[in-house]
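S.K.: Residue numbers (the working numbering): 1138 to 1303.
All C-beta atoms in this analysis are idealised placements derived from N, C-alpha and C, irrespective of residue type, glycine included.
1) In angstroms, rounded to a whole number, what distance separates the CA positions of residue 1182 and residue 1193?
2) With distances taken between CB atoms, is the gap from residue 1276 to residue 1204 smaller than 8 Å?
3) What first and last residue would you give for the beta strand (DSSP E) that runs through residue 1261?
4) If you follow the beta strand (DSSP E) that residue 1190 is part of, which residue opens it and which one closes it?
5) Looking at the strands, I want to know which residues DSSP matches up with residue 1290.
6) Checking the sheet assignment: what are the DSSP bridge partners for residue 1180?
7) Would you call the region 1211-1229 and the region 1183-1191 touching, i.e. three or more CB-CB distances under 8 Å?
8) In whole angstroms, what separates the C-alpha of residue 1230 from that of residue 1179?
9) For residue 1167, write down the residues that DSSP places opposite it in a beta bridge.
10) What is the C-beta distance between residue 1199 and residue 1168, in whole angstroms, given that I count them as a contact (C-beta under 8 Å)?
11) State the DSSP-derived secondary structure class of residue 1175, mapped to helix, strand or coil.
12) Helix, strand or coil: how does DSSP classify residue 1285 here?
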């Protein structure tokens, strides 16, 4: 019996030390964002044939868990930049994300019963306003549920592998 209880304790300890983080919507809303860098596939040149340095484009996707249906997705702010938000309701119970960083961290987004998972694509706003100082380092997404506006902090930004450009 002691051996069996020692084995169970050992298994629980190993499971607790793995690098998989679980995120589940326990509050009114929770958000996690992924991003990747997109480089143009062809090399741009000027009129003299000199290479123009490529512009790095960052593509963001936000995963938001809510308890209620969202009426309107307003905007998001990540690292001082403002984005328009376009959401799709997902029917997945778990979304597995894998970091492209050296840590190879794995994150599971678990959707609790009677909650909704929204996959939100962001597009940089052209009419961008200068962020207020308190928004320069914070990341959040704003939306409306039943006429009430919510400002949900983005708990984590995870760099993932992007799709290669052609």
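M.R.: In short:
1) 16 Å
2) no
3) Note, residue 1261: beta strand (DSSP E), 1253-1261.
4) Residue 1190 -> no beta strand (DSSP E), and no H or E assigned at all.
5) 1277
6) BP columns for residue 1180 are empty, so no partner.
7) no
8) 39 Å
9) 1202, per the DSSP bridge assignment.
10) 6 Å
11) Three-state result, residue 1175: strand.
12) strand
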